[in-house]
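Number of protein chains: 2
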Amino acid sequence: MGKSSLKIGLLGLGTVGSGVPLLLKENKDKISNVTGMDVSISKCLVLDTASKKDFADEYGIELTTNYQDILDDDEIQVVVELIGGIEPAKTFILQALERGKHVVTANKDLLAQYGLTLVRTAQKHACDLYFEASVAGGIPILRTIANSLAADRITSIYGIVNGTTNYMLTKMTNDQLTYDEALAKAQKLGFAESDPTNDVDGIDAAYKMVILTQFSFGMSITIDDIVTKGIRGLKLEDIEMADTLGYAIKLIGSSESYDDSVAAEVGPVLIPKDHPLAGVQNEMNAVFIKSHGVGESMYYGPGAGAKPTATSVVSDIITIAKNLKMGTTGHVFNGFTSDVRLTKPEHIYAKYYFSLEVPDKHGVFLKLTESMTRTGVSFEQIVQEKVDDGRARIVIITHEMSRLQADEVKKTFAASEDITLNACYKVL
Amino acid sequence: MGKSSLKIGLLGLGTVGSGVPLLLKENKDKISNVTGMDVSISKCLVLDTASKKDFADEYGIELTTNYQDILDDDEIQVVVELIGGIEPAKTFILQALERGKHVVTANKDLLAQYGLTLVRTAQKHACDLYFEASVAGGIPILRTIANSLAADRITSIYGIVNGTTNYMLTKMTNDQLTYDEALAKAQKLGFAESDPTNDVDGIDAAYKMVILTQFSFGMSITIDDIVTKGIRGLKLEDIEMADTLGYAIKLIGSSESYDDSVAAEVGPVLIPKDHPLAGVQNEMNAVFIKSHGVGESMYYGPGAGAKPTATSVVSDIITIAKNLKMGTTGHVFNGFTSDVRLTKPEHIYAKYYFSLEVPDKHGVFLKLTESMTRTGVSFEQIVQEKVDDGRARIVIITHEMSRLQADEVKKTFAASEDITLNACYKVL
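So the protein lines, in turn, are chains Z and H. 1 is the number of the first residue of the first sequence in UniProt numbering; add one for each residue after it. 1 is the number of the first residue of the second sequence in UniProt numbering; add one for each residue after it.
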């Protein structure tokens, strides 16, 4: 008796896209063993068929430049979108769902901005919509949160979810590169694009935190709800000072619950060196979760790359194949919804790292501590060192204070003639 | 319209057992939201009802000392076994499955020894059998391997899967405690039992590697197939020497594939300090996976403890509730089976650490290197230092060699009058 077959329409045959037929072939027996189906790509949408012809022939894929060919093919039950960006990806996915085709996508920008529309359309047409590869590439973090932590209550989630900036920070820390040198190196190795804005300004990380916050807290937020700061211009001297004080600086996306509210943020954070996140090196990603039941857990792996991302895409395809076999398609990826608000700045607490420059003269330090103490700030560590031209550098790690207090302190510094605030980061 | 309800029979109300009704209550809304069911413990089997009466009353649980009361209760669809050990747990689980009740268990000893019998009985009666809590407590590692890595091919898996020994090794490394001091401390804190054999001799880790090997390679092995060495008597001097050479010593359970064979082992291993496993501290567990698709990934969390373990148990219960809702019970937890053999010793390759004591006299070192070179061993690092009474200590890290070669080298040392082999560990 022949096995039933599952035909897939693939949109895009770039580096990740071409990994999908490869993995399906490499793991053919295992996938057939687990799903009871023969899974294969039958058609692929590309911009230019000529350059992809040899590849397509090798895998028995029919190429097309017209999406309608895939939409109209009733044998195709699953559409895998790997072209990225908002349009035409959004229209293509909506059209597929409306035609009753299940969808797998790795498109974090689209999910972060139009996730709710996509999810509702999928539900309306009883279709599956999976997007494991959209966050932290090869780490099965969304499925883990959705399935295994369903019995648990997450209280906070901290992610190194952008490989490019983690690579840059690792090089700055280990090889004493400056920000510009580290960026140039990342660009040379293909980790960073020629316009690195999305990475270095924390936008890519913020997109991923939109999705992670949805899965962790059942809460729909938009990228505007996430206070986002990148690593652009981060100074080597701050990395070195953090190192001296026992910390590594990482670009952290965080979502923390306070009673029935959640605060989401992206920014450089000082991580104690004995914390598992501090050891996450180079372009690797990791998501650290605190929860009532499990306590502390961490999920570590490659955040990008053709093969890891394609592996997550194929695991989504396998999930759909299993659902088809069992007749259980149409259930949302993350069934957890909850009615939570954003935390107000006066209720978001953290320790802070301030790096200041002041004139090296009598009374300035007193003035500084007076103004900070007035806003209710207390100090955990203070380092003062001389720099050039009669200026001194003062680095302070505070005890916990609210974001409102931190903003007030920053305003005081900005209004002061003597004090220059060079950096202000959170401390985990 | 009322929600459907799922009644559970719980066997054992110890520390983990009592965590289950607690978590079900704490996460009542979320669980009901995700499963569409009200899930609760209706009956609990205990040895003595009097001491548990207050607790049972609080959670509306009926206590019994007769298992037949649970078996005969047709409302009970799921039995959760948390009494541990082989009997009566094995009989209780088999009886439950034969009566068509789904089973959740955390019993690694039982699964490692009789897993195949249990799985076959579950299949025969179209019942679910889940056991996420049996390996690495709060880490959802089995579900991750079964679901998310289905699209991937694991090539090796390295686990810190015993919290007691990892706590002891951490204390020896960080606080320079001897083995005996570290064991006493672990016993005082309740991490180690008064008879620590199962932990320190690697038996507990080996049970877990039986289950992990089954999930990773689709291969049924028994504990006798795992070459098992514990940390009993491990010397502080070896931890310090490893530290000097850039390594941490961890008790590692490993399963590595070589072509179409697999080698499983438990023993102390030198881990390079920049490897993610080296940073796993105290009683925490972690499983590091190498695979074709994802590359390197690691899953980190608490390996034991009432709440983490109960969380994994409840996540299994939720999976069953979902399966019931969708009518998809009776599928095996790990659907992947494969026909692989055990790797022969001559094909298992690793670097080795040897710690030797030799007389500090002319020609001994030459003799040593001659005898090692004869068996084809080459050296990566050598340290020689003087000890007391005209004895010298020589520590060698070799290049890769087969286990057969390593065994031969050990035999040569044993036959030598001059050389005492104090320690021999693998190097990652």
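Every residue gets a Cβ at the ideal spot worked out from N, C-alpha and C, and that includes glycine.
query	result
Where residue 394 of chain H sits in the DSSP three-state scheme	strand
Residue 382 of chain H in three-state terms, based on DSSP	strand
Residues of the region 255-273 of chain H with Cβ closer than 8 angstroms to any Cβ of chain Z, in chain order	none
Inter-residue CB distance, residue 37 of chain Z and residue 325 of chain Z (contact presumed, cutoff 8 angstroms)	7 angstroms
Stretch-stretch touch, CB-based, cutoff 8 angstroms, three pairs: the region 101-115 of chain Z with the region 124-135 of chain Z	yes
Chain Z contact residues for residue 299 of chain H, given Cβ-Cβ distances below 7 angstroms	299
contact_flag[the region 296-316 of chain H, the region 289-298 of chain Z] where n(CB pairs < 8 angstroms) is 3 or more	yes
Segment limits, alpha helix (DSSP H) that includes residue 7 of chain H	Looking at the DSSP string, residue 7 of chain H is not in any alpha helix (DSSP H); the run it does join, the beta strand (DSSP E), is 4-11.
Exposure label - residue 30 of chain H; buried when at least 16 CB within 10 Å	buried
Chain-ordered chain Z contacts of residue 23 of chain H [CB-CB under 7 angstroms]	151, 293
Alpha-carbon spacing of residue 413 of chain H relative to residue 370 of chain H, whole angstroms	12 angstroms
Whether residue 419 of chain H touches residue 358 of chain H by CB criterion (7 angstroms)	yes
Unbroken stretches of the alpha helix (DSSP H), 4 residues or longer, contained in the region 177-264 of chain H	179-188, 197-200, 203-217, 236-244
Cut-off 7 angstroms between Cβ atoms - residues of its own chain near residue 404 of chain Z, not counting five sequence neighbours on either side	345, 346
Members of the region 135-161 of chain Z near chain H, C-beta cut-off 9 angstroms	137, 138, 139, 140, 143, 144, 146, 147, 148, 149, 150, 151, 152, 153
For residue 102 of chain H, the three-state DSSP class (helix, strand or coil)	strand
Option in H/39, H/163, H/203 with minimal Cα separation from residue 186 of chain H	H/163
Paired residues, beta bridge with residue 159 of chain H - DSSP	H/253, H/287
Stretch pair the region 370-384 of chain Z + the region 263-271 of chain Z: three plus CB contacts closer than 8 angstroms	no
Close Cβ partners of residue 11 of chain Z (< 7 angstroms) along its chain, the five nearest in sequence each way excluded	45, 79, 80, 81, 82, 83, 92
Bounding residues of the alpha helix (DSSP H) (the contiguous stretch that carries residue 135 of chain Z)	Element bounds for residue 135 of chain Z: n/a, residue is neither H nor E.
Residue 203 of chain Z and residue 263 of chain Z closer than 7 angstroms at C-beta	no
Contact with chain Z by residue 37 of chain H, beta-carbon distance below 7 angstroms	no
is_contact[residue 1 of chain H, chain Z] using C-beta, thresh 7 angstroms	Any answer about residue 1 of chain H is weak, because its pLDDT of 42 lies below 50 and its placement is not dependable; what the coordinates show is given next. No, residue 1 of chain H does not count as interfacial toward chain Z.
Three-way DSSP call (helix, strand, coil) for residue 387 of chain Z in this model	coil
Residue environment, residue 1 of chain Z, which counts as buried when at least 16 other CB atoms sit within 10 Å	Note on residue 1 of chain Z: pLDDT 42, under 50, position unreliable in the model; the coordinate value appears next. Exposed, since its Cβ has fewer than 16 Cβ neighbours within 10 Å.
Residues that residue 7 of chain H contacts on chain Z, provided the C-beta gap is smaller than 8 angstroms	Per Cβ cutoff of 8 angstroms: no residues; residue 7 of chain H is ~17 angstroms from chain Z at best.
For residue 217 of chain H and residue 255 of chain H, the rounded distance between their alpha carbons	9 angstroms
Inter-residue Cα distance where the pair is residue 407 of chain H and residue 172 of chain H	28 angstroms
Any C-beta of chain Z under 7 angstroms from that of residue 276 of chain H	yes
From H/40, H/65, H/198, residue whose alpha carbon lies closest to that of residue 59 of chain H	H/40
Within 7 angstroms, strictly: CB atoms of residue 61 of chain Z and residue 70 of chain Z	no
Own chain residues within Cβ distance below 7 angstroms of residue 32 of chain Z, not counting five before or after	3, 38
Spatial distance of residue 363 of chain Z from residue 377 of chain Z (CA atoms)	19 angstroms
7 angstroms Cβ cutoff met for residue 145 of chain H and residue 215 of chain H	yes
Neighbour flag for residue 78 of chain Z against chain H, beta carbons, 7 angstroms	no
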